[in-house]
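Down below is the structure, laid out as structure tokens.
In our numbering, the protein residues as written are 126 to 906.
Below you can see the structure in the form of structure tokens.
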């Protein structure tokens, strides 16, 4: 995609399905007859809708209509004609015009064989397969014959390039005079030059006509106009000279002069009125056809402003001038998508199915309603391409695309999102729960966005909380997947979307893909920890992101390999000790939870027998069994004589074997006093209790409670944290702890420690007693 947004020059490059329309319009122009007063065609389309591209294809089609008709005939003595169809000429055009300067057309009659041989050798040298040299040479000869005797002599006139102080009339006629010189005969050329010379004398300023080097405005305007000064005939009036010119132009039929004036709506109101008047009066010459390009609504408004008319007068005025007006054809349903696809596909080449689906949703439900023209595609596509090149490793492509569309089409909403990220990402306590969703909806509605508005659609696609607030289709809050994709609605990743710069403290997506695909997970995890260690204040974020990547990876239905299972169990203590806790007003999440979640999701996708084998083969070598206790308890539930066994994951009938092996390890740890050395002793204790070992656990804990060394560990076991939307976060001792051990006796021990400020367990004792008192009034069980 070219950032300069150039129009296409050749019909073979048309990707919007408009070549048929252009060829049809060209045929209409080519067949026009009885043009004593000229003919004016208007092509109406919004800015950026592709008018110039269509006009270029019309001009090309006019060339090729004549060349196709001449193609079966000999063009010079001894030639064997090579007939070329219109489609074949279309295919040859971009190649030919790229190499055209290599040919020598200085002698169109080819009086010298050597010159003909030279041009044939040029065609042989420049034609690349599958193009044949004969076809390229034939195009050269056909185009040369057309230039010598054109059926449609095209003159491009660009009034918006003319300095404001210059005379459009003088410049326009001078341009036509230059274009016909040497092509339509000396009589026609002389009549044009005389008329142009007189207009230049009547122009209100010096330099009112151009000394032009080619069709179009071309060179700088200068006073004097050396090219025309010898053609002024002061004995004749302007009407006389115009009459003489009209008489000469009537003789050129069936040749026509086709004057192309594009972008009339880019002129100022005064300039637009002058140019339209010029076409109406001065330019209405025999065998001259005008092809005007404009946006009708804008041009009509210019005319109304220039003539101080009322609404509607501009359109009525144009109706008197334009004899045949066509609207640009409607775009095919997928034509804009075809323009956008090369950019989008590059950003999605490594995307998963979920991301591709969300991108499709973003297009259908939001972006397609904003991207209406080819210029929109180029503008937004280039912005997205540049942004994705810089931050694609750190952002979600669908979210980034939506933001770039908003920046181009709804900057006020873009800025509002930027200013309210904390609320939209769910970090504000005020917007928690059902009441918070209602408040969030009210805030958005105050910005003028209702449920079905495009702005609300964008917000719902970007932020799950907005989708929930409006109860509409949008983004889903799958936390692990969202983290792996670095979604905008997670505040930690949001800055990259607005700064368009790689964020500090984030892994590249490609690096994560390499790590997860590594053959040696132990080395991969060691690499993660080493890189995180050098990241300063961002090391916690990097470790957490790695584990979230694993949660997403195994959550996509990928069975967990033995190598990864054992490596994660081995490193569980390391990750848990770092903790890397993330808190919000409604939850807490740390590395231990992330790692356990990743392993459990991997087991969920693993074969039943393989699950048991993974646990059994890892159990004996594990230095820390906390994570295994939590996983097995979560998988097969607690064993209870009244309720039986509640299973979530089957171990192919090996549940008792796995449970008993794990209980054996726990008892050895209890005998050696190593339970409290586990990274999460509570998981070990609860698994032990849930395996019909409640009495043994109570005895163990009551015995341990009488030792000073175990006192802080039991406090950690008994004290729980409550996160309340009404009261925030606080600690309590739940009522059901009485079933775990003799809490009353432990409370007396805590009171003893708390009575002496110098006691090493003073702080822990005070913590327990405060939580115990709170638990009396706020029981959870």
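Built from N, CA and C at the ideal position, the CB exists for glycine as well. These figures come from a predicted structure and were not determined experimentally.
Residue range 164-169 is occupied by the beta strand (DSSP E) that includes residue 166. Distance from the CA of residue 409 to the CA of residue 389, rounded to the nearest whole angstrom, comes to 17 Å. In this structure, DSSP gives residue 857 an extended state, which the three-state scheme calls strand. DSSP places residue 447 outside any beta strand (DSSP E), giving it a letter other than H or E. One alpha carbon belongs to residue 255, the other to residue 221, and they sit about 14 Å apart.
The Cβ-Cβ distance between residue 612 and residue 673 does not fall below 8 Å. Residue 849: not part of any alpha helix (DSSP H); member of the beta strand (DSSP E) spanning 845-849, first to last residue. Assignment of residue 641 by DSSP, reduced to helix, strand and coil, places it in the helix class. In the three-state reduction of the DSSP assignment, residue 207 falls in the coil class, being assigned neither a helical nor a strand state. Boundaries of the beta strand (DSSP E) around residue 381: 381-386. The beta carbons of residue 287 and residue 296 sit closer together than 8 Å.
Between the C-alpha atoms of residue 535 and residue 523 there is a straight-line separation of about 17 Å. Exclusion of the five residues before and after residue 472 leaves 513, 517 and 522 as the residues of its chain whose Cβ lies within less than 7 Å of its Cβ.
Within its own chain, the residues whose Cβ lies closer than 8 Å to the Cβ of residue 621, once the five positions on either side in sequence are excluded, are 516, 519, 520, 611, 627, 628 and 631, listed in chain order. Burial state of residue 541 is buried, judged by a 10 Å Cβ sphere holding 16 or more other Cβ atoms. Rounded to whole angstroms, the gap between the alpha carbons of residue 481 and residue 634 is 16 Å. Look at residue 187 here: in three-state DSSP terms it is helix. A residue is called buried when at least 16 other Cβ atoms come within 10 angstroms of its Cβ; residue 455 does not meet this threshold and is exposed.
Per DSSP, the beta-bridge partners of residue 418 are 168.
Under the DSSP definition of a beta bridge, residue 746 lacks any partner. In this structure, DSSP gives residue 263 a helical state, which the three-state scheme calls helix.
The beta carbon of residue 448 is closer than 8 Å to those of 164, 165 and 166 in its chain, skipping five residues each way along the sequence. Collapsing the DSSP output to three states places residue 785 in a helix. Segment contact: the stretch 476-493 against the stretch 433-445, fewer than three CB-CB distances shorter than 8 Å; contact not assigned. In this structure, residue 892 lies away from residue 847, with their beta-carbon atoms at least 8 Å apart. The C-alpha of residue 624 is placed about 50 Å away from the C-alpha of residue 403. Contact check between the stretch 542-550 and the stretch 495-504: fewer than three CB pairs, one atom from each, fall below 8 Å, which does not count as touching.
When the five nearest sequence neighbours on each side are left out, no beta carbon in the same chain lies closer than 7 Å to the beta carbon of residue 820. Taking the Cα positions, residue 318 is about 9 Å away from residue 306. Looking at the DSSP output, residue 413 sits in a beta bridge with 382. Taking each of 465, 212, 444 and 247 in turn and checking the Cα distance to residue 226, the smallest one comes out for 247. Within the stretch 126-156, the runs of alpha helix (DSSP H) at least 4 residues long that lie entirely inside it are, in chain order, 144-156. Burial is judged here by how many other beta carbons sit within 10 angstroms of a residue's own beta carbon; residue 501 has at least 16 and is buried.
Excluding residues up to 5 positions away in sequence, 486, 490, 585 and 592 lie with their Cβ nearer than 8 Å to the Cβ of residue 598 in the same chain. By DSSP's assignment, residue 707 forms a beta bridge with 714. Per DSSP, residue 281 is one residue of the beta strand (DSSP E) stretching across 277-282.
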